[in-house]
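Take a look at the structure set out below.
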Amino acid sequence: MEPIMHDSAQKHAPAEKQQGLPLLNRELLESCIHCGLCLPACPTYLASGLEAESPRGRIYLLNLLRTGEIQTDDPALEHIDTCLGCMGCQTACPSGVKYEKILNQARPLLAEARGKSGGRTVLRFVFSSVLPNYALLRLLGFLYIIAQKIGLTKVRAFIPFAPRWSQRLSQWQAFSPQVPSRKNLPAISPARVRDESNRLPPSTVATPEQCDVQLFSGCVMDILYNGVNHASVRLLNRQGHCVGIPAQTCCGALAAHAGEVDIARDLARKNIELFEKTTGDIAVTSAGCGAMLKEYKHLFENDPLWNERAIGFSSRIKDITEVLAAGKFVDGHPRMNAKIAYHAACHLTHVQKVKEAPLALLSLIEGAELVPLEEQEHCCGSAGIYNLIHTETSLAVLDRKMKFIEETGVSCIATGNPGCLLQIQAGAARQGMTLRVVHPVELLDEAFAG
Ligand code: SF4
Ligand code: SF4
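Under the working numbering, the residue at position 260 of the sequence shown is numbered 512, and the numbers go up by one with no gaps.
This is the structure we're talking about:
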């Protein structure tokens with residue numbers, strides 16, 4: 253393999269120290285045989301051409317950290333931060349390297365080792381107190397819509413420390429989604445049952461908790477793309493399901509990806525306790541949340557009681573497309589004349605391994621032509637808040653994605669994750685493309701409505 257290009261990583265002699273780093277597992281790291289077959293599946297490697305930005309390079313760096321040849325403050329470890337966590341490499345690796353486990357061990361370790369910076373304190377506050385606070389999120393969503401109307405770069409004029417942030421705000425404007433008007437579309441309120449066209453006999457369901465499907469409506473999804481949740485409920489109702497929406501909290505994915513595992517655990521416990529009072533499948537409309545909810549057990553590997561409860565909870569989690577594809581629409585003929593491409597969100601395709609269900613739903617739409625998309629399963633560069641923190645790499649990854657989307661000639665792209673919706677929308681605006689970016693369930697719902 254090519255050498256990693258940081259001098260600091262090369263000047264130390266190999267040593268098996270493991271000083272204070274018991275969490276990096278040798279067996280996992282040494283399962284990589286450095287064949288490089290994962291490199292063409294890695295968006296950051298494709299965007300930069302750097303070995304250190306590849307899965308193989310990152311595993312090599314973490315092995316150096318494990319053996320004590322580099323320390324946690326080594327600048328080379330920034331290449332771990334720039335990993336999208338998309339798991340394209342894990343799917344591509346013929347040797348079965350568990351890259352997700354490796355990353356899950358590395359992130360909290362690095363976050364902890366770097367101590368409490370101002371930025372980390374702010375992020376911890378957002379993960380623990382903003383994202384789980386539904387009312388506050390709605391208020392922020394409202395303020396966001398106002399800022400969007402004014403323009404983020406104009407908003408900076410009202411901020412005292414604007415000069416330092418002005419470039420960031422300009423960059424972030426590139427990722428600001430056009431939030432649809434919510435005049436007729438309120439956010440899905442938790443703790444309500446949505447069964448307007450419920451076909452089950454009323455006596456079957458006494459309370460929302462007894463519904464056969466519970467909706468995990470997500471925080472970003474419900475604030476920015478609540479049309480997806482409404483469409484999901486309508487489609488579930490069309491299949492005869494009763495849908496409960498418990499007063500859930502944030503899934504904890506953003507906290508876990510930032511290495512703030514204690515916050516992710518707290519949120520996970522709340523969700524597990526809440527959904528244990530309900531029955532049925534838990535349908536998730538956001539691929540990122542679904543991936544996290546399906547993997548709660550990893551948060552409690554040293555806690556047998558919660559681990560068991562987490563396994564029980566996760567066994568009920570399904571992406572909304574899985575639930576709908578397994579069901580049957582009792583009436584109606586979905587129809588729409590459109591050329592559509594499908595972008596497979598990483599957390600749906602690589603982490604949850606849900607590949608067929610969204611395509612099966614789209615194929616139900618008469619008149620719709622599904623156009624193949626090159627590198628359909630490659631990350632778009634969104635990755636939670638990655639695009640706000642590593643904006644340049646994110647844009648480089650996005651530009652490649654947009655090039656392939658443009659080549660399809662479609663005017664509509666479907667994808668199952670709010671981050672991807674936001675990112676591809678921003679990419680279309682950047683390129684001046686007229687492109688509709690929607691969740692597959694929105695298209696199917698529209699097609700049913702004619
Ligand atoms: S992660 Fe897998 S595919 Fe990539 S270099 Fe290692 S063994 Fe090869
Ligand atoms: S998770 Fe994605 S970005 Fe990170 S190394 Fe693997 S393929 Fe590359």
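Every residue gets a Cβ at the ideal spot worked out from N, C-alpha and C, and that includes glycine.
Item: Should I311 be labelled buried (16 or more other beta-carbon atoms within 10 Å of its own) or exposed?; Value: buried
Item: So is S347 buried or exposed if we call it buried at 16+ other beta carbons inside 10 Å?; Value: exposed
Item: Who are the near neighbours of E626 in its chain, counting only those whose CB is closer than 7 Å to its CB and skipping five residues on each side?; Value: F656 and E659
Item: Regarding A358 and ligand 1, is the C-beta to nearest heavy atom distance less than 7 Å?; Value: no
Item: If I'm right that R308 touches C284 with Cβ under 8 Å, what's the distance once you round it to whole angstroms?; Value: 6 Å
Item: List the DSSP bridge partners of V623.; Value: A593
Item: Is there a Cβ from chain B that is less than 8 Å from the Cβ of V472?; Value: Given the protein chain composition of this structure (a single chain), no chain B is represented.
Item: Can L291 and Y297 be called in contact, C-beta distance under 8 Å?; Value: yes
Item: Leaving out five residues before and five after E365 in sequence, what residues of the same chain have Cβ atoms less than 6 Å from its Cβ?; Value: The sequence shown places Ala at residue 365, rather than the Glu named in the question. So the qualifying residues of the chain are T324.
Item: Measuring from the CB of Y297, is there a heavy atom of ligand 4 at a distance below 7 Å?; Value: Although ligand 4 was asked about, the structure shown includes only ligand 1 and ligand 2 as ligands.
Item: At what residue ranges does the stretch 296 to 343 contain a whole run of the alpha helix (DSSP H), taking only runs of 4 or more?; Value: 307 to 318 and 330 to 333
Item: State the Cα-Cα distance for the pair R446 and A293, rounded to the nearest angstrom.; Value: In this predicted model, R446 has a pLDDT of only 38, less than 50, meaning its place in the structure is not dependable; the value taken from the coordinates is given anyway. So the alpha carbons of these two residues sit roughly 41 Å apart.
Item: What I want to know is whether the C-beta of R278 ends up closer than 7 Å to one or more non-hydrogen atoms of ligand 1.; Value: no
Item: Any idea what DSSP makes of M544, helix, strand or coil?; Value: helix
Item: Cutting at 6 Å between CB atoms, please list the residues of its own chain near I617, excluding the five before and the five after it.; Value: P586, M588 and A699
Item: Between R517 and ligand 2, is there a pair consisting of the residue's CB and a ligand heavy atom that are separated by less than 7 Å?; Value: no
Item: Taking 8 Å as the threshold (C-beta atoms), are L281 and L302 in contact?; Value: no
Item: Starting from A510 and walking both ways along the alpha helix (DSSP H), at which residues does that stretch end?; Value: Note, A510: premise wrong, no alpha helix (DSSP H); not H, not E.
Item: Distance check for S663 and R688, CA to CA, integer angstroms please.; Value: 6 Å
Item: When every heavy atom of ligand 2 is checked, does at least one fall within less than 7 Å of the C-beta of L640?; Value: no
Item: Evaluate V582 with the Cβ neighbour count: other Cβ atoms within 10 Å of its Cβ, from every protein chain shown; 16 or more gives buried, anything less gives exposed.; Value: exposed
Item: For R372, which of D697, C598 and I641 has the nearest alpha-carbon?; Value: I641
Item: Name the residue from C341, A299, D533 and S381 whose alpha carbon lies nearest to the alpha carbon of C471.; Value: S381
Item: Give me the Cβ distance between H602 and Q342, rounded to the nearest whole Å; I'm assuming they're in contact under 8 Å.; Value: 6 Å
Item: For D555, which three-state DSSP category applies?; Value: coil
Item: With a threshold of 7 Å (Cβ to nearest heavy atom), would P292 be considered close to ligand 2?; Value: no
Item: Going by beta carbon distance, what residues of the same chain come within less than 6 Å of K653, once the five residues before and after it are set aside?; Value: C632
Item: Straight-line CA distance for A516 to L336?; Value: 19 Å
Item: Taking only the alpha-carbon atoms, compute the straight-line gap between G340 and Q491 and give it to the nearest angstrom.; Value: 33 Å
Item: Within a Cβ cutoff of 6 Å, which residues of the same chain sit near Q683, ignoring the five residues on either side of it in sequence?; Value: M654
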